[in-house]
Amino acid sequence: MALAVLRSGTGPRLVLVHGFTQTARSWAAVQQHFASEYEVIAVDAPGHGGSHHFDADLWTAAHLVVEAGGEATYVGYSMGARIVLHAALAHPESVRRVVLLGATPGLRTEVERAARRTSDEDLARSLERDGLESFLERWLANPLFAHLDVGASNIEDRLRNSVEGLASCLRNTGTGRQEDLWPRLASLRMPALLMAGSLDTKFAAIAGQMAHAIGTNATRVLVAGAGHAAHLERAEEFCAVLEQWLRESDQAPSASPIPKANP
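Using my numbering, you'd call the opening residue of the sequence shown number 996 and step up by one each time.
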């Protein structure tokens, strides 16, 4: 059984993986922008949209996304960026370039991870207790989304998700369940773009640290005037940054082939 996808355009392939509580439709502006030059595949991540019935941890989610996308440039946002990072580590033969917006390679200590698992379990229980609409209202009130206006938040699309799918996602793919991948970043050999909104100071700093850890094949770019959800808040600017980087990396010398890795 395959993940649900939205497919458009022809050409080199871009695979887009959304954040928590979103669906593939959240990439509509980005998909429309690139469909004239690329085959764009927007994926419903496990636990979301048409893939709500998939119960997957981050490594399994990464395998499912690569099965859906094949050889491509992979673009992920937030939760989707963490899935794409796992995909790049597990399937470098398929992930030819990697773009991570609002990403983290994980918490560094088990104490931090345990605290985050407790927090995510509390969120899952509140979702199950109060229902989807109430949960989304609280979720989008998070300071992380302070720069995301109501129109760009795509509430109607988020309401297409299920309580069961999102609760499963919190329990299985939250940051508390993620391994510390910082030591493995240097193994990434494909071109990598680390992005964050300029107003998202926490993830802007993480993007810089990740780019340094990956090495010379990594580029860090901040989207001016944007917070965490830069592709929604400043879609035109996000697309311009991504388009320029794709063209520049097309002209750069090809990276050496990398054999398939194991998680």
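All residues carry an ideal CB built from backbone N, CA and C; glycine is no exception. Keep in mind it's a predicted model, so treat the numbers as computed, not measured.
**Asked** Are there three or more Cβ pairs, one per stretch, closer than 8 Å when the stretch 1145-1156 is compared with the stretch 1111-1118?
**Response** no
**Prompt:** Which same chain residues, not among the five before or five after alanine 1024, have their C-beta less than 7 Å away from its C-beta?
**Reply:** The residue given as residue 1024 occupies position 29 in the sequence shown. Hits under 7 Å: Ala1230.
**Asked** In terms of residue numbering, what span does the alpha helix (DSSP H) encompassing alanine 1082 cover?
**Response** Position 87 of the sequence shown holds residue 1082. Segment 1074-1085, the alpha helix (DSSP H) holding alanine 1082.
**Request:** Taking all protein chains shown into account, decide if methionine 1185 is buried (16 or more other Cβ within 10 angstroms of its Cβ) or exposed.
**Result:** Position 190 of the sequence shown, counting from 1, holds the residue named residue 1185. Per the 10 Å Cβ criterion, buried.
**Request:** Find out if the Cβ-Cβ distance for the pair leucine 1095, methionine 1190 is shorter than 8 Å.
**Result:** Taking the sequence shown and counting its residues from 1, the one referred to as residue 1095 is at position 100. Taking the sequence shown and counting its residues from 1, the one referred to as residue 1190 is at position 195. The answer is yes: Cβ separation under 8 Å.
**For valine 1003: DSSP bridge partner residues** = Mapped onto the sequence shown, residue 1003 falls at position 8. Looking at the sequence provided, one finds serine at residue 1003 rather than valine. Val1035, per the DSSP bridge assignment.
**Asked** Is glutamate 1187 helix, strand or coil when you go by DSSP?
**Response** The residue labelled residue 1187 in the question sits at position 192 within the sequence shown. The sequence given here places alanine at residue 1187; glutamate does not occur at that position. Looking at alanine 1187 - three-state DSSP - the assignment turns out to be strand.
**Prompt:** Going by the beta-carbon positions, is the gap between threonine 1068 and arginine 1103 smaller than 8 Å?
**Reply:** Stepping through the sequence shown from its first residue, residue 1068 is reached at position 73. Stepping through the sequence shown from its first residue, residue 1103 is reached at position 108. No, they are not a contact pair.
**Asked** What did DSSP end up calling leucine 1127 once you bin it into helix, strand or coil?
**Response** Stepping through the sequence shown from its first residue, residue 1127 is reached at position 132. Correct three-state label for leucine 1127: helix.
**Request:** Indicate the three-state DSSP secondary structure (helix, strand or coil) for alanine 1067 in the structure shown.
**Result:** Stepping through the sequence shown from its first residue, residue 1067 is reached at position 72. Here alanine 1067 sits in strand by DSSP.
**Asked** Under a three-way DSSP split, which group does arginine 1242 fall into?
**Response** For this step, residue 1242 is matched to residue 247 along the sequence shown. In the structure shown, arginine 1242 sits in a helix (DSSP, three-state: H, G or I).
**Request:** Output the distance between the C-alpha atoms of valine 1038 and glutamate 1105, rounded to the nearest integer angstrom.
**Result:** Within the sequence shown, the letter at position 43 stands for residue 1038. Within the sequence shown, the letter at position 110 stands for residue 1105. Valine 1038 and glutamate 1105: Cα-Cα distance of roughly 31 Å.
**Request:** Run the CB neighbour count on methionine 1077, radius 10 Å, all protein chains shown included, and call it buried at 16 or more, exposed below.
**Result:** Indexing the sequence shown from 1 puts residue 1077 at position 82. Before going further, note that residue 1077 is arginine rather than methionine in the sequence given. The residue in question, arginine 1077, is buried, as its Cβ has 16 or more Cβ neighbours within 10 Å.
**Prompt:** Using the rule of at least 16 other Cβ atoms within 10 Å of the residue's Cβ for burial, across every protein chain shown, is leucine 1154 buried or exposed?
**Reply:** By one-based count along the sequence shown, residue 1154 stands at place 159. Leucine 1154 is exposed by the Cβ-count criterion.
**Asked** So the beta strand (DSSP E) threonine 1214 belongs to, where does it begin and stop?
**Response** Position 219 of the sequence shown, counting from 1, holds the residue named residue 1214. Element bounds for threonine 1214: 1213-1218.
**Asked** Taking buried to mean at least 16 other C-beta atoms within 10 Å of its own C-beta, is proline 1254 buried or exposed?
**Response** The residue labelled residue 1254 in the question sits at position 259 within the sequence shown. A caution first: proline 1254 carries a pLDDT of 37, below 50, which makes its placement in the model unreliable, though a value can still be read off. Exposed is the call here.
**Request:** Hey, could you find the ends of the beta strand (DSSP E) valine 1093 is sitting in?
**Result:** Locating residue 1093 in the sequence shown gives position 98, where the first residue counts as 1. Note, valine 1093: beta strand (DSSP E), 1090-1096.
**Message:** Here's a check: name, in chain order, each residue in its chain whose Cβ is nearer than 7 Å to the Cβ of valine 1158, leaving out the five neighbours to either side.
**Reply:** Against the sequence shown, residue 1158 aligns to sequence position 163. Once the five neighbours on either side are set aside, the close Cβ partners of valine 1158 are Leu1122, Glu1123, Gly1126, Leu1127.
**Prompt:** Do you know whose CA, among Ala1187, Gly1065, His1142, lies nearest alanine 1213's CA?
**Reply:** Position 218 of the sequence shown holds residue 1213. Residue Ala1187 is the option with its Cα nearest to alanine 1213.
**Request:** May I ask you to report which of helix, strand or coil DSSP gives valine 1012?
**Result:** As a working note, residue 1012 is residue 17 in the sequence shown. If DSSP states are grouped into helix, strand and coil, valine 1012 belongs with the strands.
**Request:** State the DSSP-derived secondary structure class of alanine 1256, mapped to helix, strand or coil.
**Result:** Numbered from 1 along the sequence shown, position 261 holds the residue referred to as residue 1256. The pLDDT assigned to alanine 1256 is 41, lower than 50, so where the model puts this residue is not dependable; a value taken from the coordinates is nonetheless given after this. If DSSP states are grouped into helix, strand and coil, alanine 1256 belongs with coil.
**Request:** List the DSSP bridge partners of glycine 1192.
**Result:** Sequence index remark: in the sequence shown, residue 1192 carries index 197 (1-based). Answer is Val1218, bridged to glycine 1192.
**Request:** Over the uninterrupted alpha helix (DSSP H) stretch that includes arginine 1166, give me the two end residues.
**Result:** Within the sequence shown, residue 1166 is the residue found at index 171, counting from 1. Where arginine 1166 is concerned, the enclosing alpha helix (DSSP H) stretches over 1158-1168.
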